[in-house]
Amino acid sequence: MRIVVCIKQVPASTGVSLDPETKTLRREGAEAIMNPFDTYALEQGVLLKEAHGGEVIALSMGPLRAEAALREALSCGADRAVLLNDRAFAGSDTWATSYVLAAAIRRIGEVELVICGRQAIDGDTAQVGPGLAGHLGWPQLTHVCALEESGGKSLTLRRMQEEGYDLCGLELPAVITVVKDINQPRIPSLKSRLASKKAEIPVWSAADLGVETEKLGLAGSPTRVVKIHPAPCRQKQTLLIEGEAAECAQRLVRELRSRLLL
Amino acid sequence: MQRHIDNRSYQVEILPPKQSSEKLDQDLESFASRYTRVLEAGYCACLTDNAMGHLAFQGLELIEELSLPVEPEQVMIHLNTFHTKEGLDQILAACRARGIKHLLVVSGDGSERLPKLSPADLGAPAVESVTSVELLGYIRRQHPGAFNLGVAFNPYEPEEHEFEKMKRKLAAGACFVITQPIIGNHPLLERLMEEVKLPLIVEAWMSKKLHLLSECVGYEIPEDTAYDPVANLKALHAHYPGCGVYLALLGFKSQFPILKSIWV
């Protein structure tokens, strides 16, 4: 099975702050990491490959420094990686990004499954996976939390819902997005990390993909950010419960129940 | 471990390079250099296991990948509960194959990226989650007599709770004890020495980074507190002449060269 896993390099959430003037994210100096949800997508791809054979290709669109995230993917079990980099891609929204990624997947060829993380922790849109499915014309399943059956030309998957699960059959080729419950991503070994440093990662441009330039970048992105404002700060409240142990326990239970936490 | 104390041999902590390192080659070189210096000085190299929950490479894979020598008496591997069962078994098998005997078994600091051993993994279905006690028991059962197992003692935890835990660690097979960092002296160590007749190693905090020390000891030490790590090390030798010393965050440029003149 040829599997493509989409990887995004994002700033670590602890390294990002909000510019009070512009109300935009300050990413400068923040540590760049692989989007945490993508680590689960990658692990699922590698597990499928280990079970059924085939290969896993890590695919990312971004600046040249995003190569680091792809090398990490290689050290975690991806067989090869491709970076999509072109000035024309800069400023792309999720529609334009998924358009470019879809073009790359067609170029890779014979792909049976695309796995994405649920969402990226910087944009939080969760739109690229579904966008990819739309551009490719493939079925999709989002919020996948377990793989029940694999092999052949279909998958049986569990989709997380707010109050339970859906058990879904999915014909391949298809796109899925996964949540954290699906697996425990492996930690790369030193040997694989050192090997990943030597790997050659091809960089594909807009011309390589044969994409329509008017559908790229800011100009090709239908999304318009009209206004950005910070979310209200969470109000922390400390409740000190004093008294005899039994009384305190009763009061604690009452308080938790009143907040629907028990 | 008593031999280390008798020979005045320090336990020197060496932090493996982090997984997130952006200068891995340099970090590997630095690790190899520190490890080699520690062994050549006759000390024991203590390799941490994802210390403070930060993802780092494993001590054994570093030894193997960098072709570092192993002197069985001079290497100690830290082992915590944040592994897969398969990973744990591989580490233990590799330790045996390399002749490594000393393991410091701790519960450890987890992180979202690290797996956690389950009670079923360690054959301890009666507990809700595993600690160093279950891990000790597992190692003893699976590898009887193969390892010299150490445990941690935290004098900053509530006293009775910590001594109760120590009893369980002893019952599970602990052979030596290493404390959390001690500043000058700590009254609970007297009781520990009375009740636990095992080789005791006190930890000396060799860094001036007091915010990290605060995290270890569990109370806030103001950053502007005057703290002389070398003076503290000398104070520990004076207070605990029968104990070994574990050097945490040792400075290899300025502090390592003077160690021989401190514990003579």
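These protein sequence lines are chains A and B, in that order. Quick note on numbering: the first sequence equals residues 1 to 262 in our numbering. Quick note on numbering: the second sequence equals residues 1001 to 1264 in our numbering. Backbone N, C-alpha and C define an ideal beta-carbon position, used for all residues, glycine too.
Original post:
Hey, valine 1105 of chain B and leucine 1135 of chain B are a contact pair by Cβ (cut 8 Å); roughly how many whole angstroms apart?
Top reply: Counted from its first residue, the second sequence places residue 1105 of chain B at position 105. Counted from its first residue, the second sequence places residue 1135 of chain B at position 135. So it is a contact: roughly 5 Å between Cβ atoms.
Selected residue, minimal CA-CA separation from arginine 194 of chain A, among B/Gly1173, B/Met1001, B/Gln1026 and B/Glu1159
As a first step, residue 194 of chain A is located in the first sequence; it is residue number 194 there, counting from the start. Rather than arginine, the amino acid found at residue 194 of chain A in this sequence is leucine. The shortest Cα separation from leucine 194 of chain A among B/Gly1173, B/Met1001, B/Gln1026 and B/Glu1159 belongs to B/Gln1026.
Practice problem: State buried or exposed for proline 188 of chain A, treating a residue as buried only when at least 16 other CB atoms are found within 10 Å of its CB. | Solution: Position 188 of the first sequence, counted from the start, is the residue given in the question as residue 188 of chain A. By the neighbour-count rule (16 or more Cβ atoms within 10 Å), proline 188 of chain A is buried.
Take the Cβ of aspartate 1049 of chain B as the centre, count every other Cβ of all protein chains shown within 10 Å, and call the residue buried at 16 or more, exposed below. By one-based count along the second sequence, residue 1049 of chain B stands at place 49. It is buried - the Cβ of aspartate 1049 of chain B has at least 16 other Cβ atoms within 10 Å.
Q: Would you kindly report the start and end of the unbroken alpha helix (DSSP H) that includes aspartate 1121 of chain B?
A: Taking the first residue of the second sequence as 1, we reach residue 1121 of chain B at position 121. Counting along the chain, aspartate 1121 of chain B falls outside any alpha helix (DSSP H), and DSSP gives it neither H nor E.
Review point. Looking at serine 92 of chain A and leucine 216 of chain A, is the spacing between their C-beta atoms short of 8 Å?
Key: Counted from its first residue, the first sequence places residue 216 of chain A at position 216. Counted from its first residue, the first sequence places residue 92 of chain A at position 92. Contact flag set, yes.
- Item | 7 Å Cβ cut-off: residues of chain A touching phenylalanine 1057 of chain B | Within the second sequence, the letter at position 57 stands for residue 1057 of chain B. Simply Leu190.
*Using DSSP with H/G/I as helix, E/B as strand and the rest coil, what is serine 1067 of chain B?*
Position 67 of the second sequence, counted from the first residue, corresponds to residue 1067 of chain B. It is coil, neither helix nor strand.
TODO: Give the interface partners of serine 1019 of chain B over in chain A, defined as CB-CB distance under 8 Å, in chain order.
DONE: By 1-based counting over the second sequence, the position of residue 1019 of chain B is 19. Note on identity: in this sequence residue 1019 of chain B is glutamine, with serine being the wrong assignment. The contacting residues are Ile187, Pro188 and Arg193.
task: Enumerate in chain order the residues of its own chain whose CB-to-CB distance from lysine 1260 of chain B is below 6 Å, with the five nearest sequence positions on each side excluded.
output: Locating residue 1260 of chain B in the second sequence gives position 260, counting from the first residue. Nothing listed; no residue qualifies.
Could you have a look at phenylalanine 1147 of chain B and say whether DSSP puts it in helix, strand or coil? Locating residue 1147 of chain B in the second sequence gives position 147, counting from the first residue. Phenylalanine 1147 of chain B: coil per DSSP, three-state reduction.
Which one of B/Ser1021, B/Arg1098 and B/Gly1150 has the shortest CA to CA distance from serine 1107 of chain B?
-> Here residue 1107 of chain B refers to the residue found at position 107 of the second sequence. It is B/Gly1150 whose Cα lies nearest to the Cα of serine 1107 of chain B.
Check your understanding: Would you say glutamine 9 of chain A reaches chain B, if we count a Cβ-Cβ gap shorter than 8 Å as a contact?
Key -> For the purposes of this step, residue 9 of chain A is identified with residue 9 of the first sequence, where counting begins at 1. Not one chain B Cβ lies under 8 Å of glutamine 9 of chain A.
Checklist line | Inter-stretch contact at 8 Å, needing at least 3 Cβ pairs: the segment 1219-1238 of chain B / the segment 234-250 of chain A | finding: no
Worksheet item: Which value, in whole angstroms, describes the spacing of the CA atoms of leucine 48 of chain A and alanine 1172 of chain B?
Response: Here the question's residue 48 of chain A lines up with position 48 in the first sequence. Here the question's residue 1172 of chain B lines up with position 172 in the second sequence. Cα-Cα distance, rounded: 40 Å.
Open item on the list: Check whether the segment 140-150 of chain A and the segment 176-186 of chain A are in contact - that is, three or more C-beta pairs closer than 8 Å.
Closed with: yes
Does lysine 236 of chain A pass the burial test, meaning 16 or more other C-beta atoms within 10 Å, or should it be called exposed? Along the first sequence, read from residue 1 onward, the residue named residue 236 of chain A stands at position 236. The residue in question, lysine 236 of chain A, is exposed, as its Cβ has fewer than 16 Cβ neighbours within 10 Å.
**Prompt:** Along chain A, in chain order, which residues have C-beta atoms closer than 7 Å to that of leucine 1062 of chain B?
**Reply:** Position 62 of the second sequence, counted from the first residue, corresponds to residue 1062 of chain B. Within 7 Å Cβ-Cβ: Leu190.
inquiry  = Short of 6 Å in beta carbon distance, which residues of its chain neighbour aspartate 1121 of chain B, apart from the five on each side in sequence? Order them along the chain.
reply    = The residue you call residue 1121 of chain B lines up with position 121 of the second sequence. Here aspartate 1121 of chain B has Lys1085 as same chain residues with Cβ atoms under 6 Å from its own Cβ, once five neighbours each way along the sequence are excluded.
Separation of proline 1125 of chain B from glycine 1244 of chain B, as counted between CA atoms
As a working note, residue 1244 of chain B is residue 244 in the second sequence. As a working note, residue 1125 of chain B is residue 125 in the second sequence. The straight-line gap from Cα to Cα measures roughly 36 Å.
Continuous beta strand (DSSP E) assignments of at least 3 residues falling wholly in the segment 135-204 of chain A:
140-149, 154-161, 164-171 and 174-178
Between methionine 61 of chain A and the rest of its own chain, which residues show a CB-CB distance below 7 Å, the 5 nearest in sequence each way excluded? In the first sequence, counting from the first residue as 1, residue 61 of chain A sits at position 61. Here the set comprises Leu84, Phe89, Thr97, Val100 and Leu101.
Is glutamate 1029 of chain B close to chain A? Criterion is C-beta to C-beta, closer than 8 Å.
Counting from one through the second sequence, the residue named residue 1029 of chain B turns up at place 29. For glutamate 1029 of chain B, the answer is no, since every Cβ of chain A falls outside 8 Å of its Cβ.
Taking a cut of 9 Å between CB atoms, which residues from the segment 1059-1088 of chain B lie near chain A?
Going along the segment 1059-1088 of chain B in chain order, one finds Glu1061, Leu1062, Glu1064, Glu1065, Leu1066, Thr1084 and Gly1087 with a Cβ nearer than 9 Å to chain A.
Of the listed residues B/Val1133, B/Ala1146, B/Pro1155 and B/Leu1212, nearest to leucine 1170 of chain B (C-alpha basis)
As a working mapping, residue 1170 of chain B is identified with position 170 in the second sequence. Measuring from the Cα of leucine 1170 of chain B, the nearest candidate turns out to be B/Val1133.
| message | I'd like the span of the alpha helix (DSSP H) that includes proline 1229 of chain B, first residue to last. | response | Here the question's residue 1229 of chain B lines up with position 229 in the second sequence. From DSSP, the alpha helix (DSSP H) with proline 1229 of chain B extends over 1229-1239.
Give me the subset of the segment 163-185 of chain A whose CB atoms are less than 9 Å from a CB atom of chain B, sorted by chain position. Lys180, Gln184 and Pro185
Nearest CA to the CA of glutamate 1065 of chain B: which residue from B/Phe1252, B/Pro1199, B/Gly1110 and B/Pro1016? By one-based count along the second sequence, residue 1065 of chain B stands at place 65. Looking at the Cα atoms, B/Pro1016 is the closest of the given residues.
For glycine 1087 of chain B, the first and last residue of its enclosing alpha helix (DSSP H):
Taking the first residue of the second sequence as 1, we reach residue 1087 of chain B at position 87. Per DSSP, the continuous alpha helix (DSSP H) segment holding glycine 1087 of chain B begins and ends at 1085-1098.
Notebook entry, point to check: Are any of the Cβ atoms in chain A nearer than 8 Å to that of leucine 1015 of chain B?
Noted result: Here residue 1015 of chain B refers to the residue found at position 15 of the second sequence. No, leucine 1015 of chain B does not count as interfacial toward chain A.
Which residues in the same chain as leucine 70 of chain A place their Cβ atom closer than 7 Å to its Cβ, once the five residues preceding and following it in sequence are excluded? What you label residue 70 of chain A is simply residue 70 of the first sequence in a count that begins at 1. So the list reads Ile7, Ala58, Ser60, Ala81, Leu83 and Ile201, once near-sequence residues are dropped.
Using the rule of at least 16 other Cβ atoms within 10 Å of the residue's Cβ for burial, across every protein chain shown, is glycine 1218 of chain B buried or exposed? Sequence index remark: in the second sequence, residue 1218 of chain B carries index 218 (1-based). Glycine 1218 of chain B is exposed by the Cβ-count criterion.
CA-to-CA distance, leucine 1188 of chain B to methionine 1166 of chain B, given in whole angstroms: If you number the second sequence from 1, residue 1166 of chain B lands on position 166. If you number the second sequence from 1, residue 1188 of chain B lands on position 188. Rounded to whole angstroms, methionine 1166 of chain B to leucine 1188 of chain B spans 13 Å at the Cα level.
Inset, instruction - Provide the residue(s) that pair with methionine 34 of chain A in DSSP beta bridges, ordered along the chain. - result: Residue numbering aside, residue 34 of chain A sits at position 34 when the first sequence is read from its first letter. Answer is A/Gln9, bridged to methionine 34 of chain A.
ask   = Buried or exposed: where does arginine 186 of chain A fall if 16 or more other Cβ atoms within 10 Å of its Cβ makes it buried?
value = As a working note, residue 186 of chain A is residue 186 in the first sequence. Arginine 186 of chain A should be labelled buried.
Kindly indicate the opening and closing residues of the beta strand (DSSP E) around isoleucine 1014 of chain B.
Your numbering for residue 1014 of chain B matches position 14 in the second sequence. For isoleucine 1014 of chain B, the enclosing beta strand (DSSP E) starts and ends at 1011-1014.
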